[in-house]
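Undergrad:
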Amino acid sequence: MNIFHQWGACSLLALLLTAPAHAADIGVTDREILVGQFAAQTGPAAELGKRMQLGMLAHFNAVNAAGGINGRAIRLVSRDDGYEPEKAAAAVKALIEEDKVFALVGSVGTPTTLAAVPAINAAGIPLIGPFTGAQALREPLNRHVFHVRASYFDETERIVQHLSTLGIKKIAVFYQNDSYGKAGLEGVTRALAKRSLKPAAAVTVERNSVDVTAAWAELVKAAPEAVVQISAYKSCAALIKLARSKGYGGQFFNVSFVGSTALSAELGDAGAGVTISQVVPFPYTPSSEIVREYQQRMTEAGNKDFDFSSMEGFLAAKVFVEGVRRAGKALTRAGLVSGLESMRDVNMGGFLVNYSPTNHEASHYTDLTIIGRGGRFVR
Numbered sequence: 000m001n002i003f004h005q006w007g008a009c010s011l012l013a014l015l016l017t018a019p020a021h022a023a024d025i026g027v028t029d030r031e032i033l034v035g036q037f038a039a040q041t042g043p044a045a046e047l048g049k050r051m052q053l054g055m056l057a058h059f060n061a062v063n064a065a066g067g068i069n070g071r072a073i074r075l076v077s078r079d080d081g082y083e084p085e086k087a088a089a090a091v092k093a094l095i096e097e098d099k100v101f102a103l104v105g106s107v108g109t110p111t112t113l114a115a116v117p118a119i120n121a122a123g124i125p126l127i128g129p130f131t132g133a134q135a136l137r138e139p140l141n142r143h144v145f146h147v148r149a150s151y152f153d154e155t156e157r158i159v160q161h162l163s164t165l166g167i168k169k170i171a172v173f174y175q176n177d178s179y180g181k182a183g184l185e186g187v188t189r190a191l192a193k194r195s196l197k198p199a200a201a202v203t204v205e206r207n208s209v210d211v212t213a214a215w216a217e218l219v220k221a222a223p224e225a226v227v228q229i230s231a232y233k234s235c236a237a238l239i240k241l242a243r244s245k246g247y248g249g250q251f252f253n254v255s256f257v258g259s260t261a262l263s264a265e266l267g268d269a270g271a272g273v274t275i276s277q278v279v280p281f282p283y284t285p286s287s288e289i290v291r292e293y294q295q296r297m298t299e300a301g302n303k304d305f306d307f308s309s310m311e312g313f314l315a316a317k318v319f320v321e322g323v324r325r326a327g328k329a330l331t332r333a334g335l336v337s338g339l340e341s342m343r344d345v346n347m348g349g350f351l352v353n354y355s356p357t358n359h360e361a362s363h364y365t366d367l368t369i370i371g372r373g374g375r376f377v378r
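Positions 0 to 378 (numbering that gives the first Met the number 0) are the ones given, in order, by the sequence shown.
#1: How many Å lie between LEU330 and ILE25 at the Cα?
#2: Quick one: using the 10 Å Cβ neighbour count with 16 as the cut-off for buried, is ALA64 buried or exposed?
#3: Please classify GLN175 as buried or exposed, where buried requires at least 16 neighbouring CB atoms within 10 angstroms.
#4: According to the neighbour-count rule (16 or more other Cβ atoms, all chains shown, within 10 Å of its Cβ), is GLY66 buried or exposed?
#5: Is PHE290 helix, strand or coil when you go by DSSP?
#6: Taking the alpha-carbon positions, what's the ALA237 to THR188 distance?
#7: Specify the secondary structure class of VAL227 as computed by DSSP and reduced to three states.
#8: Going along the chain, which unbroken runs of the alpha helix (DSSP H) with 4 or more residues stay wholly within the segment 88–158?
#9: Measuring CB atoms only, is the segment 259–272 touching the segment 311–320, in the sense that at least three cross pairs come out at less than 8 Å?
#10: With a Cβ-Cβ cutoff of 8 Å, do THR111 and ASP80 count as a contact?
#11: For LEU94 and ALA87, what's the separation of their Cα atoms in angstroms?
#12: Taking DSSP's pairing of strands, which residues face SER77 in a bridge?
#13: Return yes when the Cβ of TYR151 is within less than 8 Å of the Cβ of ALA199, no when it is not.
#14: When the Cα atoms are used, what is the spatial distance from VAL39 to ALA118?
#15: Are the segment 153–164 and the segment 205–215 touching by the rule of at least three beta carbon pairs closer than 8 Å?
#16: Whole angstroms is fine: what's the gap from SER195's alpha carbon to ALA149's?
#17: To which residues of the same chain is ARG332 closer than 8 Å at the C-beta, ignoring the five residues directly before and after it?
#18: Alpha carbon to alpha carbon, how far is GLU299 from PHE281?
#19: Might you give, ordered along the chain, the residues of its own chain that have their beta carbon closer than 7 Å to the beta carbon of ALA135, omitting 5 neighbours on each side?
#20: In terms of alpha-carbon separation, which member of SER287, GLY246 and THR274 lies closest to ASN253?
#21: Just to confirm the assignment: which complete alpha helix (DSSP H) runs, minimum length 4, are found wholly within the segment 219–270?
#22: VAL172 and VAL227 - do their beta-carbons sit closer together than 8 Å?
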C-alpha cells in the first residue's frame, strides 16, 4: 500500500511537471484562441453579419501579425443564422459543442441573440459586442454578456430629442414585429412620454419581409410629420421608396441596426435626407485615433470600403482582445469576464469603454448622420 502511494505521488508529480505551465480553457491552446460568431451571412440581413465580420477580422489579423496574445493567434469561426432565432440557437449550440470555441464575439440581432442566451448561460461562455441595443439583453445584468454599443433607448432618445428641437411632435413608428422592433418601439414611446407625447401611429412589418403595403396604408391615415423606423434595411428601404413614390414629404429616421451603408445602397436616389442614429465614431473621416486605426487595419486587410457596421465589429474585437490581455496567460472564460470587468474608463483612442461587475454596458455614445447626395453620409 505504501509503495502504491509512493508510486502515485511520483506519478502525480511527473504529470504536474510535464503539464503546461498555464492551464487554459476550452478553445484555447498554446498557439490559438478559437472565437465564434453567429450572424446572418445570407438573407435580407446578410450585409450586417458580413460587415461585422470584416471589422472583427481586420483587428484580429493585425493582432495575429504582431504575434498574437501571449503567443496565441485568434481564429474566428462564423456560423450563418440567417437572422432567424431558431437557426441562431442551433448555430450557437454548434459553436459551443462542436467547434468548441472559447468565447463569442459580434452576434447580430435582438431575436437571434435572445434565442442564444440559454445556451450561453448554460455553457458559461462570454459574449462580447452583440450588434443589438435591446434592453432585454441588458436588464437584468447577464454576467456572460458584454455590450459595446449604446442601447436602443439611448438612440431613440437622441432621435426624439432632435425632432423635438425642430418642433416636430407628430411622430409615427414603423417597427419589425419581433423583440428588436418592440424594443425600439418602447424606446420611442418612452422618449415621447418624457415630452408628454404619444406615437401618432405604430405600424409593423414581419422579420425578413418587405411587404410594407399595409403599414403604409396605416401611416397615411395618421399623416405623421416624421417616421422612426425600427427594422432591417430592406423593409425600411421598401417603406421609404413606397412613401416617396406616393408623394410623402415627411422625415424618416432609423436606428443604427438598420445597417447604414446597406440602407443607402437599397435606397439609391430615394435615400437623400434619411437620418440614422449611430453608436460608433464616424468611420469615414480619420478625425480620431480609433478611426485612424480602424481605417489602417481595414486597408491592411484589403478593404477600403469603410462603414459603420465594420467599425462596430472592429470595436467589439478590440474590446475582446483587451479583455483577453487582462485575463493573463492562463486564459479561462472566468478570467476573461474578470478582465473585461476591470476595464474602467478605458479610452480606446476616442471611444470610451467602461465596465464593472455591476455594469456590462461599455458605452452610451450616440450620434446622428444623414444620407446625402450620392449616398454619402454627413454628420
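Don't be surprised by glycine CBs; every beta carbon is placed ideally from N, CA and C.
Owing to the predicted nature of the structure, the values given are computational and were not obtained by experimental measurement.
TA: Short version:
#1: 9 Å
#2: exposed
#3: buried
#4: exposed
#5: Note that residue 290 is Val in the sequence shown, not Phe. Correct three-state label for VAL290: helix.
#6: 24 Å
#7: strand
#8: 109–122
#9: no
#10: yes
#11: 10 Å
#12: GLN36
#13: no
#14: This sequence places Ala at residue 39; Val is not what is there. Each residue's Cα considered, the two are about 18 Å apart.
#15: no
#16: 24 Å
#17: ASP24, ILE25, PHE101, ALA102, GLY123, ILE124 and PRO125
#18: 19 Å
#19: LEU113, SER178 and ALA182
#20: THR274
#21: 232–244 and 259–266
#22: yes
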